[in-house]
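Numbering-wise, our numbering comes out as the position in the sequence shown, counting from 1, plus 47. Taking it in order: structure first as structure tokens, then the write-up.
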Amino acid sequence: MKHKYALFFDIDGTLVSFRSHEIPVSTIQALTMAKANGHRVYIATGRPVGIITNLGAIAHLIDGFITTNGAYCFVGDEVVCCLPIADADVQAVLCDARESDYSCIIASEHHFVVFNAHEDVERIFRHDLAVSNLDPHAPWQPALQERVLQFSPFFSKEYEERLMARLPNCVSGRWHPEFTDITARGADKGQALRLMAQHEGFDVAHTIAFGDGGNDATMVREAGIGVAMGNAIEDLKRDADYVTTSVDDDGVALALRHFGVI
């Protein structure tokens with residue numbers, strides 16, 4: 048008897064095309080078939096809940112969510128994990144953003160706001176990622192009244208290395224050349240996959256994880272089978288058990304067919 052798999056999918060560049068900002072028809076059909084065959088479907092994204100706005104075509108197929116790179120995970124109304132950034136690290140990042148003058152998105156439990164906004168936020172999030180519900184000029188202070196789950200600061204990989212050396216209780220997962228995602232140490236997609244498996248009662252060996260960016264690396268390594276999209280960064284392709292074609296070239300459907308899921 049074939050295994051029933053728990054399938055984990057990154058959103059941007061994996062389920063959703065950077066070119067069309069939509070889920071390819073082949074992917075929708077493949078996930079529909081996978082569910083009909085008894086497999087489970089989970090989202091594993093760097094996006095906070097408030098900007099997961101591009102999954103309408105498959106919303107009815109989703110069993111659970113890993114969001115903010117594993118800092119906040121849930122199944123229905125039940126929270127699987129919530130790992131906020133320590134207050135001291137929150138203040139350290141905001142002070143650095145102010146002093147070094149870069150944009151920084153703050154994702155708290157119910158807010159998604161921009162601190163020290165520059166043009167790069169509007170250009171990347173509204174244009175490149177089609178996030179229409181982000182107001183760069185909304186007040187950021189309310190986010191600090193809640194637990195902060197993730198920062199997305201806009202700086203280079205070289206600057207990231209220098210800042211992270213000062214934040215030993217945090218980790219960074221970069222999936223875009225112009226910004227990275229910072230979460231509390233222990234909040235990453237790989238650890239979240241394990242927590243989701245424990246919560247849902249399936250074996251990690253019977254998971255397949257799909258991704259394309261640096262923040263997908265822990266998940267691709269942790270899963271029973273790790274799949275890198277054809278448009279993935281080279282480091283992720285080296286970590287993966289299998290490299291499929293790009294999101295725009297039916298990559299998800301081809302991989303699911305390769306592993307007998309559909």
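Heads up, the beta-carbon is just placed ideally off N, CA and C, and yes, glycines get one too. No experiment lies behind these values; they were computed from the predicted model shown.
Point to revise | Same chain, Cβ closer than 8 Å to Ala-252, five either side skipped, listed in chain order | key: In the sequence shown, residue 252 corresponds to position 205, counting from 1. Contacts found: Gly-271.
Check your understanding: Which full runs of the beta strand (DSSP E) of 3+ residues lie inside the region 142 to 204, going along the chain?
Key -> 151 to 155, 159 to 162 and 195 to 200
Point to revise | Buried/exposed call for Arg-170, threshold 16 Cβ in 10 Å | key: As a first step, residue 170 must be located in the sequence shown, where it is residue number 123. Its Cβ having fewer than 16 others within 10 Å, Arg-170 is exposed.
**Study point:** Contiguous beta strand (DSSP E) assignments of at least 3 residues, all confined to the region 103 to 133
**Key:** 111 to 114, 119 to 122 and 125 to 129
Review point. Which residue's Cα is closest to the Cα of Ala-231: Ser-67, Asn-116 and His-165?
Key: Here the question's residue 231 lines up with position 184 in the sequence shown. Ranking the options by Cα distance to Ala-231, first place goes to Asn-116.
Review point. Beta-carbon separation of Val-88 and Asp-110 under 8 Å?
Key: Looking up residue 88 in the sequence shown gives position 41. Looking up residue 110 in the sequence shown gives position 63. Their beta carbons are under 8 Å apart, which means Val-88 touches Asp-110 by this criterion.
Practice item. Taking only runs that begin and end inside the region 207 to 231, name each unbroken beta strand (DSSP E) of 3 or more residues, in chain order. Key: 217 to 223 and 226 to 231
**Study point:** Proximity winner among Asp-59, Leu-210, Arg-194 and Ile-70, relative to Asp-263 (alpha-carbon distances)
**Key:** Translated into positions along the sequence shown, residue 263 becomes position 216. Out of Asp-59, Leu-210, Arg-194 and Ile-70, Asp-59 has the C-alpha closest to the C-alpha of Asp-263.
Review point. So which of Phe-201, Ala-104 and Ala-81 has the shortest CA-CA distance to Arg-304?
Key: As a position in the sequence shown, residue 304 is number 257, starting the count at 1. The option with the nearest alpha carbon to Arg-304 is Ala-81.
Review point. For the beta strand (DSSP E) that contains Ala-256, what are its first and last residues?
Key: Working through the sequence shown from its first residue, we reach residue 256 at position 209. From DSSP, the beta strand (DSSP E) with Ala-256 extends over 254 to 258.
Review point. Under a Cβ-count criterion, where at least 16 other Cβ atoms within 10 Å of its own Cβ denotes burial, should Cys-142 be classed as buried or exposed?
Key: Translated into positions along the sequence shown, residue 142 becomes position 95. Answer is exposed; the Cβ neighbour count stays below 16.
Exercise for review: Tell me where the alpha helix (DSSP H) around Ala-275 begins and ends.
Suggested key: Against the sequence shown, residue 275 aligns to sequence position 228. Unbroken run through Ala-275 is the beta strand (DSSP E), 272 to 275; no alpha helix (DSSP H).
Check your understanding: Ala-53 by DSSP, collapsed to three states: which one?
Key -> For the purposes of this step, residue 53 is identified with residue 6 of the sequence shown, where counting begins at 1. Ala-53 falls in the strand class under three-state DSSP.
Exercise for review: Rank Leu-210, Arg-209 and Asn-163 by C-alpha distance to the C-alpha of Gln-188 and give the top, closest one.
Suggested key: For this step, residue 188 is matched to residue 141 along the sequence shown. Comparing Cα-Cα distances from Gln-188 to each of Leu-210, Arg-209 and Asn-163, the minimum goes to Asn-163.
Check your understanding: Are three or more beta carbon pairs between the region 279 to 287 and the region 230 to 249 nearer than 8 Å?
Key -> no
Check your understanding: Just checking my contact of Phe-198 with Cys-151 at CB under 8 Å: how many whole Å lie between their CB atoms?
Key -> In the sequence shown, residue 198 corresponds to position 151, counting from 1. In the sequence shown, residue 151 corresponds to position 104, counting from 1. The Cβ separation is near 6 Å, so the contact holds.
Point to revise | 6 Å Cβ shell around Asp-288 - same chain, five flanking residues per side excluded | key: For the purposes of this step, residue 288 is identified with residue 241 of the sequence shown, where counting begins at 1. Hits under 6 Å: Ile-272 and Gly-273.
Check your understanding: What does a CB cutoff of less than 7 Å around Asp-167 pick up in its chain, not counting 5 residues either side in sequence?
Key -> To locate residue 167, count along the sequence shown from 1; it is residue 120. Excluding sequence neighbours, Asp-167 sits near Ser-150, Phe-201 and Glu-225.
Point to revise | Sequence-distant residues of its chain with Cβ nearer than 8 Å to Leu-301 (five each side left out) | key: Counting from one through the sequence shown, the residue named residue 301 turns up at place 254. Closer than 8 Å at the Cβ level, and outside the excluded window around Leu-301, lie Thr-291 and Thr-292.
Check your understanding: Can you name, in chain order, every residue of its own chain whose Cβ lies under 6 Å from the Cβ of Met-48, other than the five neighbours on each side?
Key -> Along the sequence shown, read from residue 1 onward, the residue named residue 48 stands at position 1. Because the pLDDT of Met-48 is 41, which lies under 50, any placement of that residue in the model is unreliable, and the question is left without a value.
Check your understanding: Assuming Gly-237 and Arg-285 make a contact with CB atoms under 8 Å, what is their CB distance in whole Å?
Key -> Position 190 of the sequence shown, counted from the first residue, corresponds to residue 237. Position 238 of the sequence shown, counted from the first residue, corresponds to residue 285. Actually they do not touch by this definition, with Cβ atoms about 16 Å apart.
Review point. Taking the Cβ atom as the reference point for each residue, do Leu-102 and Leu-78 lie within a distance shorter than 8 Å?
Key: Looking up residue 102 in the sequence shown gives position 55. Looking up residue 78 in the sequence shown gives position 31. It is not a contact, given that the beta carbons lie outside the stated cut-off.
Point to revise | Spatially closest choice to Pro-71 from Phe-306, Ile-309, Met-266 and Asp-297, by CA coordinates | key: Taking the sequence shown and counting its residues from 1, the one referred to as residue 71 is at position 24. With distances taken between Cα atoms, Pro-71 lies closest to Asp-297.
Exercise for review: Find the nearest neighbour of Ile-309 within the set Phe-65, His-68 and Gly-85, judged by alpha-carbon distance.
Suggested key: Translated into positions along the sequence shown, residue 309 becomes position 262. Out of Phe-65, His-68 and Gly-85, Gly-85 has the C-alpha closest to the C-alpha of Ile-309.
Check your understanding: Considering only C-alpha positions, which residue in the set Ser-67, Arg-94, Leu-62 and Phe-112 is nearest to Leu-242?
Key -> For the purposes of this step, residue 242 is identified with residue 195 of the sequence shown, where counting begins at 1. Closest option to Leu-242, Cα to Cα, is Phe-112.
Check your understanding: From this set, Gly-260, Leu-176 and Ala-239, which residue's C-alpha is nearest Phe-121's C-alpha?
Key -> Taking the sequence shown and counting its residues from 1, the one referred to as residue 121 is at position 74. Nearest C-alpha to Phe-121: Ala-239.
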